[in-house]
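Colleague:
In the working numbering, the protein residues as written are 17 to 231.
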């Protein structure tokens, strides 16, 4: 078990270095990662936001073709959510009774469920911009028997907005910084990761505050 955890931690350290990751895996790797984060329940730890923005920065430097990034990753994100929805549809309430494992945490599903109860179908769009929640939101929608036609609409809009905003955001940041981008790229990525996880951090602080008040 210790060996598996060591391997997993190594993989995680590589995944959380989007610059090295993009240089290593290229377009195909990016497509697989975006699909896995949005379509497979074990993909919640993947660095979607930072990876997309880093890809945009690479495109600004001329190292990647922005049209290929926008088209292929939008499709990967949409197909990923569709797979997540299908999993939820098939598993249904069984999903909420599944025990915690090395790759699965029930609290993530419950958090996504709370989010879905609060925001309804819009969750599929909003969750795109919230790490972890975006992995489980389509599955929760499927388990809740959301209309597939309605889901598809939200899925396409959400996938388009997420991929295009992140990649183009990185692209224009790269254009603004120009030749100095290599000096600031790591700071930009760290800032983006922090902003991405801010909603989860706020939620965690609020939950701790509520627990403290009940003691």
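Each residue gets a CB set at the ideal place from its N, CA and C atoms; glycine is no exception.
Every value quoted in this text rests on a predicted model; they were computed, and no experiment measured them.
Looking only at its own chain, which residues have a Cβ that is under 6 Å from the Cβ of residue 36, when we skip the five neighbours before and after it?
Modeller: none
Colleague: So is residue 72 in contact with chain B if we call contact Cβ pairs under 9 Å?
Modeller: Absent from the structure is chain B; it holds one protein chain and no more.
Colleague: Spatial neighbours of residue 81 within its chain, please: C-beta separation below 8 Å, excluding the five flanking residues on both sides.
Modeller: 75
Colleague: Give the range of the alpha helix (DSSP H) segment to which residue 163 is assigned.
Modeller: Run containing residue 163: none; DSSP gives neither H nor E here.
Colleague: Alpha carbon to alpha carbon, how far is residue 144 from residue 175?
Modeller: Distance between the alpha carbons of residue 144 and residue 175 is about 7 Å.
Colleague: Give the secondary structure of residue 34 by DSSP, where H, G and I count as helix, E and B as strand, and everything else as coil.
Modeller: DSSP places residue 34 in helix when its eight states are reduced to three.
Colleague: List the whole-angstrom C-beta distance separating residue 140 from residue 170, where the pair is believed to meet the contact cut-off of C-beta under 8 Å.
Modeller: 4 Å
Colleague: Please name the residue in 138, 195, 85, 196 whose C-alpha comes closest to that of residue 42.
Modeller: 85
Colleague: I think residue 188 touches residue 156, with their Cβ atoms under 8 Å apart; what is that distance to the nearest whole Å?
Modeller: Not quite, the Cβ-Cβ distance comes to about 33 Å (not below 8 Å), so this is no contact.
Colleague: Within the same chain, show all residues whose beta-carbon is closer than 8 Å to that of residue 95, passing over the 5 residues directly before and after it, in chain order.
Modeller: Hits under 8 Å: 51, 55.
Colleague: So, under 8 Å CB-CB, residue 194 and residue 73 are touching, yes? Tell me the CB distance rounded to an integer number of Å.
Modeller: The pair is not a contact, with the Cβ atoms about 12 Å apart (cut-off 8 Å).
Colleague: Cβ atoms of residue 98 and residue 168: under 9 Å apart, would you say?
Modeller: yes
Colleague: Measuring alpha carbon to alpha carbon, tell me which of 77, 87, 78 ends up nearest residue 44.
Modeller: Its Cα nearest to that of residue 44, the residue 87 stands out among 77, 87, 78.
Colleague: Taking the continuous alpha helix (DSSP H) assigned at residue 94, which residues delimit it?
Modeller: 82-107
Colleague: When DSSP labels each residue in this structure, what does residue 146 get in the three-state scheme?
Modeller: coil
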